[in-house]
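Just so it is clear: in the sequence shown, position 289 is 314 by my numbering, and no numbers are missing.
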Amino acid sequence: MSQAPKTLRHYLQFTDFSAEEYGYLFERAALIKRKFKAYEKHHPLVDRTLAMIFEKASTRTRVSFEAGMYQLGGSVVHLTTGDSQLGRAEPIEDSAKVISRMVDLVMIRTYEQTKIERFATHSRVPVINGLTNEFHPCQILADIFTYIEHRGDIRGKTVAWVGDGNNMANTWLQAAELLGFTVHVSAPRGYEVDQDVAGIRSSESYKIFSNPHEACAGADLVTTDVWTSMGFEAENEARKKVFADWCVDAPMMAMAKPDALFMHCLPAHRGEEVEAEVIDGPQSVVWDEAENRMHVQKALMEYLLLGKL
Ligand code: CP
Ligand code: NVA
Numbered sequence: 026m027s028q029a030p031k032t033l034r035h036y037l038q039f040t041d042f043s044a045e046e047y048g049y050l051f052e053r054a055a056l057i058k059r060k061f062k063a064y065e066k067h068h069p070l071v072d073r074t075l076a077m078i079f080e081k082a083s084t085r086t087r088v089s090f091e092a093g094m095y096q097l098g099g100s101v102v103h104l105t106t107g108d109s110q111l112g113r114a115e116p117i118e119d120s121a122k123v124i125s126r127m128v129d130l131v132m133i134r135t136y137e138q139t140k141i142e143r144f145a146t147h148s149r150v151p152v153i154n155g156l157t158n159e160f161h162p163c164q165i166l167a168d169i170f171t172y173i174e175h176r177g178d179i180r181g182k183t184v185a186w187v188g189d190g191n192n193m194a195n196t197w198l199q200a201a202e203l204l205g206f207t208v209h210v211s212a213p214r215g216y217e218v219d220q221d222v223a224g225i226r227s228s229e230s231y232k233i234f235s236n237p238h239e240a241c242a243g244a245d246l247v248t249t250d251v252w253t254s255m256g257f258e259a260e261n262e263a264r265k266k267v268f269a270d271w272c273v274d275a276p277m278m279a280m281a282k283p284d285a286l287f288m289h290c291l292p293a294h295r296g297e298e299v300e301a302e303v304i305d306g307p308q309s310v311v312w313d314e315a316e317n318r319m320h321v322q323k324a325l326m327e328y329l330l331l332g333k334l
């Protein structure tokens with residue numbers, strides 16, 4: 026029996042759902058993944074349309090949402106800044122009103138979080154954050170699902186974040202506070218996480234380390250990301266110098282627990298934020314992590330449109 030949502034829900038940051046809802050989503054994603062692997066049809070979103078709006082580049086987010094929506098029986102419209110009126114300064118509010126009259130669901134990858142919030146305020150349909158400067162909730166949804174698949178419950182565990190205090194780091198902090206694990210954060214000076222930007226209530230669920238090796242000590246999961254995120258390309262050369270010691274290599278992984286996993290949201294730069302021996306090594310689960318984007322987002326789209334099934 027469907028419990029279709031009575032009120033419009035958006036997924037703009039990780040804290041938009043409760044721990045109980047995440048429990049449901051992880052179970053649902055596992056079921057959806059099993060059906061996909063068994064070539065079993067799963068078509069709850071027949072006649073539903075997803076609009077995907079990309080203001081930044083993407084491989085995984087584009088393919089996982091597009092393939093996922095078709096596999097759910099729905100269809101997809103793909104827009105970019107360059108090929109729509111969004112790039113010609115049509116107000117975001119007007120775009121939201123128009124697009125959301127024609128589709129059932131919208132996914133947006135953009136710059137400031139305020140932009141996706143303005144879109145959501147004027148949308149008649151659920152809006153999903155496909156990455157902003159501040160957050161990347163769909164990625165952390167996939168990462169935690171991947172952790173659970175490999176190691177079980179993440180509650181009480183330690184995640185080491187090595188690198189930029191960016192959208193991924195902020196979202197890890199939100200997830201830790203909500204789901205009850207700890208993040209050890211090590212970022213170069215000037216690139217630290219900001220609790221206010223991350224939007225978390227207290228500092229209880231994370232610890233700051235100036236030394237990335239110390240951040241990895243005893244960790245169950247070591248994770249990193251590019252030194253320069255999309256939108257910050259002008260800082261690339263300066264960042265390469267500052268981030269040189271924040272490269273996840275074998276000695277850093279050796280500080281973590283022997284069965285620690287390595288994750289990276291990808292795309293990766295071998296020899297910069299991670300050495301090839303780590304990302305291509307036995308502790309790395311990056312390919313499962315990338316694939317799982319599709320399975321968790323199928324569960325997410327189904328939940329936003331139909332509620333618990
Ligand atoms: N991890 C991720 O979001 O990848 P894309 O930029 O390729 O979508
Ligand atoms: N922090 C990176 C993630 C890419 C998926 C960026 O924002 O570019």
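All C-beta atoms, glycine included, are put in the ideal place defined by N, C-alpha and C.
His-147 and Lys-122 have their alpha carbons spaced roughly 6 Å apart. The DSSP-derived three-state label of Val-101 is strand. Rounded to the nearest angstrom, the gap between the Cα atoms of Asp-119 and Ala-145 is 11 Å.
Boundaries of the beta strand (DSSP E) around Tyr-231: 231–233.
Across the structure, Glu-52 and Lys-58 are spaced so that their CA atoms are roughly 10 Å apart.
Secondary structure of Thr-135 (DSSP, three-state): coil. Spanning the alpha carbons of Leu-156 and Arg-134 requires a straight line of approximately 5 Å. A residue is called buried once 16 or more other Cβ atoms fall within 10 Å of its Cβ, and Arg-113, having fewer, is exposed. When DSSP states are grouped into helix, strand and coil, Thr-32 belongs to the coil group. With a threshold of 7 Å, the Cβ atom of His-161 counts as near ligand 2, since some heavy atom of the ligand is closer than that. Per the coordinates, the alpha-carbon of Leu-104 lies some 14 Å from the alpha-carbon of Glu-115. As computed with DSSP, His-147 is found in no beta bridge at all. Within its own chain, the residues whose Cβ lies closer than 7 Å to the Cβ of Val-218, once the five positions on either side in sequence are excluded, are Gly-190, Ala-194, Asn-195, Leu-198, Val-210, Ala-212, listed in chain order. Looking at Arg-73, Arg-126, Leu-130, the one whose alpha-carbon comes closest to that of Arg-34 is Leu-130.
Counting only residues of its own chain and dropping the five nearest sequence neighbours on each side, Gly-93 has a CB closer than 6 Å to the CB of Met-319, Gln-322, Lys-323.
Note that the region 233–243 does not touch the region 261–269; fewer than 3 beta-carbon pairs, one per stretch, sit closer than 8 Å. Between the region 299–315 and the region 161–171 there are three or more inter-stretch CB-CB distances shorter than 8 Å, so the stretches are counted as touching.
Within the region 155–205, the complete alpha helix (DSSP H) segments at least 4 residues long are 162–176, 192–204, listed from N- to C-terminus. At a threshold of 7 Å, Leu-291 counts as near ligand 1, since its beta carbon sits closer than that to one of the ligand's heavy atoms. A straight line joining the alpha-carbon of Ile-165 with that of Ala-200 spans about 8 Å. Asp-245 is not a Cβ neighbour of Cys-290, given a cutoff of 8 Å. If you draw a straight line from the Cα of Asp-274 to the Cα of Arg-214, it comes to about 20 Å.
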